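Q: Got a structure here, written out as structure tokens. Questions coming.
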Amino acid sequence: MGRHPHDLAHHLSREAEAVCRYYLSNGRRQGSYWMVGDARNTPGRSMFVRLIASRKGSAGKWTDAATGQHGDLLDIIRESCGRLDFRDVADEARRFLNLPRSDPAPSLKVTHNKPLAGSPWAAARLFAMAQPVAGTLAESYLRKRGIAALVDDVLTAGEGIETILSPRCTAPAMPMAAALSANHLAALLLPLTLRRIYIARDADAAGDLAVAALTERAMQAGIETIALSPRLSDFNEDLQTFGLSELRSALQLQFTPQDAIRFIGPVVTKWSR
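Using my numbering, read the sequence shown as starting at 23 and increasing by one per residue.
Put into structure tokens, the structure is as follows:
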């Protein structure tokens with residue numbers, strides 16, 4: 023096994039449910055997720071850990087819908103055990119997996135001023151450096167290239183890429199975001215200019231929890247929230263089963279009248295003689 027934290031997290035993900043039962047004993051399994059209060063093993067249901075890898079996400083990934091925090095199983099071990107040094111976290115993970123303890127390798131040291139490339143810390147640091155495009159040179163450049171719709175006052179968000187690209191086929195002008203998992207959907211960062219968000223839900227327990235968490239956060243921010251419900255398991259299955267015309271009609275009924283006209287167009291009524 024390699025010494026990189028990713029290798030250790032990958033080994034833990036193969037035992038995701040066992041890790042949760044041991045370190046998050048105050049939680050319980052619900053479907054393909056482990057539900058608990060937080061990563062410190064507090065009783066509750068606001069945090070959910072994916073137990074089975076799928077196209078929606080990797081096993082072991084988690085999100086706390088109450089705080090927006092997310093991470094992997096190494097983070098759970100760190101929080102639940104109260105460990106501060108990564109070497110201690112890694113040794114505890116190896117003890118759980120019955121693997122040898124680490125030797126004094128410099129690659130395991132936590133470098134605070136230069137995160138490992140591709141790590142969650144590096145991604146968070148890069149994201150923190152970003153700023154809204156409005157009023158910047160980037161906005162001027164994009165407008166010169168004919169890209170003027172830069173304020174997302176209305177947004178549709180969902181879990182998977184296919185789940186979002188399916189309704190986008192019916193409303194290509196509407197801004198849409200694929201969170202890639204129920205965990206990430208629950209913790210979606212809401213644009214400051216947003217006044218209404220549609221949540222393209224997946225018809226499962228994790229989808230219900232993500233919709234509930236995101237709805238609560240949006241309402242607290244004064245954003246109108248409308249859940250879009252598929253007829254089958256998700257909107258991609260609806261598209262494949264019923265076709266584009268049926269999906270368009272279903273979404274026209276679920277969008278507000280002004281958004282239906284703005285993004286899809288007027289309802290076409292067929293007259294017969």
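A virtual CB, placed ideally from N, CA and C, is assigned to each residue, including glycine.
Since we're looking at a predicted model, the values are computed, not measured.
Give the DSSP bridge partners of Ile248, in chain order.
A: Answer is Tyr220, bridged to Ile248.
Q: From this set, Thr64, Val58 and Phe277, which residue's C-alpha is nearest Phe70's C-alpha?
A: The residue with the shortest Cα to Cα distance from Phe70 is Val58.
Q: Between which residues of its own chain and Arg50 is the CB-CB distance below 7 angstroms, once the five residues before and five after are set aside?
A: Answer for Arg50: Met57, listed in chain order.
Q: Of all the options His28, Gln276, Pro252 and Ala235, which has the alpha carbon lying nearest to the alpha carbon of Ala296?
A: Within the shown structure, residues of the chain are numbered from 23 to 295, placing residue 296 beyond reach of any answer.
Q: Which class does Asp256 belong to by DSSP, given the choice of helix, strand or coil?
A: Note: Asp256 maps to coil in three-state DSSP.
Q: From this set, Thr215, Ala40 and Asp94, which residue's C-alpha is nearest Asp29's C-alpha?
A: Taking only the C-alpha atoms, the option nearest Asp29 is Asp94.
Q: When DSSP builds the beta bridges, which residues end up paired with Leu261?
A: Answer is none; Leu261 lacks a bridge partner.
Q: Nearest to Arg250 by CA position, among Gln274, Asp260 and Tyr220, is which residue?
A: Residue 250 is actually Leu in this sequence, not Arg. The shortest Cα separation from Leu250 among Gln274, Asp260 and Tyr220 belongs to Tyr220.
Q: Go through its chain and collect everything with a Cβ distance to Gln276's Cβ below 6 angstroms, but skip five positions before and after it.
A: Closer than 6 angstroms at the Cβ level, and outside the excluded window around Gln276, lie Leu250.
Q: Which whole-angstrom value is the C-beta distance of Ser188 and Leu261, which I expect to be below 8 angstroms?
A: Right, their Cβ atoms sit about 4 angstroms apart.
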